Amino acid sequence: MQQTALLLSATPIYAGILGLVYLFLSFRVVSRRKSLQQALGDGGDKELLRRQRVHGNFAEYVPLVLILILMCELQGAPLLLVHALGLAFTIGRISHAYGVSQPKEPLVFRMSGMMLTFATLTISAVTGIVLAVV
């Protein structure tokens, strides 16, 4: 029996990059927990709480948006659009993580990160619907 490989050229790039960012954010939480000897919760440590929320927010958005971008690619969306979505989303997530990680939290990074995230979420969702029904 011959197997046919499905070749995806765009989404795996962004999934891989975002996977590495997730690993980095995970290590930041673990290292803070280790230094505080805090296995569960945040123990009232604002820095640990901040790191947990950066990690959690990343984990909340990345899977859904990657699936939506993947669906666009699988449905034959123009490769340029898929790359634009992947790049915008990746930049948005990194920008947001950086902004929220800072003690003084420069709003420009947090806001631009969320704007790129919401834009990518909206465009990929609508594109997926349109490609499915047209």
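Each residue of the sequence shown is one higher than the last, beginning at 1 in UniProt numbering. Ideal Cβ positions, reconstructed from N, Cα and C, are used throughout, including at glycine. This one's a predicted model, so the numbers in the text were calculated from it and none came from an experiment.
- Sorting Leu-116, Val-100, Phe-27 and Ser-26 by C-alpha distance to the C-alpha of Leu-87 places Leu-116 at the top.
- Lys-34 sits in a helix when the DSSP states are folded into three classes.
- CA-CA distance, Leu-107 to Phe-58, rounds to 17 Å.
- Contact check for Gln-75 against Ala-132 passes: the beta carbons are separated by less than 8 Å.
- CA-CA distance, Ser-101 to Val-134, rounds to 42 Å.
- A distance below 8 Å separates the beta carbons of Leu-36 and Leu-48.
- Shown here, Pro-106 sits in coil according to DSSP, grouped into three states, outside any helix or strand.
- For a cut-off of 8 Å, the C-beta gap from Tyr-14 to Phe-89 is around 7 Å, short enough to register as a contact.
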